[in-house]
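Engineer: To convert, note that position 110 of the sequence shown is 111 in our numbering; the numbers rise steadily by one, no gaps.
Don't be surprised by glycine CBs; every beta carbon is placed ideally from N, CA and C.
Pasting a structure here, questions to come.
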Amino acid sequence: LKVGPETMSLTMPIFKNPPQNTQIGLPAPTSLDPICYVTHFLKAYKEQKFLPGAKLDLAWNPGPMDPLSPAEAFELLRMFTMNKQTPGDEPSYLIFDNFIKFMYAGFQGMDPTTG
């Protein structure tokens with residue numbers, strides 16, 4: 002499945018009535034949802050907030066941040082998952098989803114509140 006900035010969504014469907022799981026809810030995204038959490042870390046990394054020196058931000062915390070826009074989240078995920086060996090390779094939902102799942106666990110270990 003291909004994904005683009007116009008089809009990107011930060012909304013994560015959830016089941017509302019376990020264990021039957023016959024109703025689906027679409028809650029507004031929060032900063033702790035995996036896609037929002039990971040893209041906040043990617044943005045901070047891009048801005049060099051973790052490098053020693055003048056840009057190091059010891060107070061940075063992804064928890065209270067508002068989710069990024071879907072277009073900004075898409076661009077960050079595309080930037081960090083693109084295969085530079087294959088120019089023109091299109092972003093895919095599968096690559097984004099696997100990357101988010103993998104990085105979410107790693108970034109939680111770096112989180113100043115949970116790590």
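Do you know whose CA, among I25, F103, Q24, T12, lies nearest F81's CA?
Structural biologist: F103
Engineer: In this structure, does DSSP put F97 in helix, strand or coil?
Structural biologist: helix
Engineer: P14 and Y105 look like a contact to me (Cβ under 8 angstroms); what is the Cβ gap, rounded to whole Å?
Structural biologist: Actually they are not in contact, since the Cβ atoms of P14 and Y105 sit about 17 angstroms apart, beyond 8 angstroms.
Engineer: Can you give me the Cβ contacts of K44 inside the same chain, cut-off strictly under 8 angstroms, excluding the 5 residues immediately before and after it?
Structural biologist: L69, E73, L77
Engineer: Measuring only the C-alpha atoms, how far is E7 from P20?
Structural biologist: 34 angstroms
Engineer: Residue range of the alpha helix (DSSP H) that K47 falls in?
Structural biologist: 35-47
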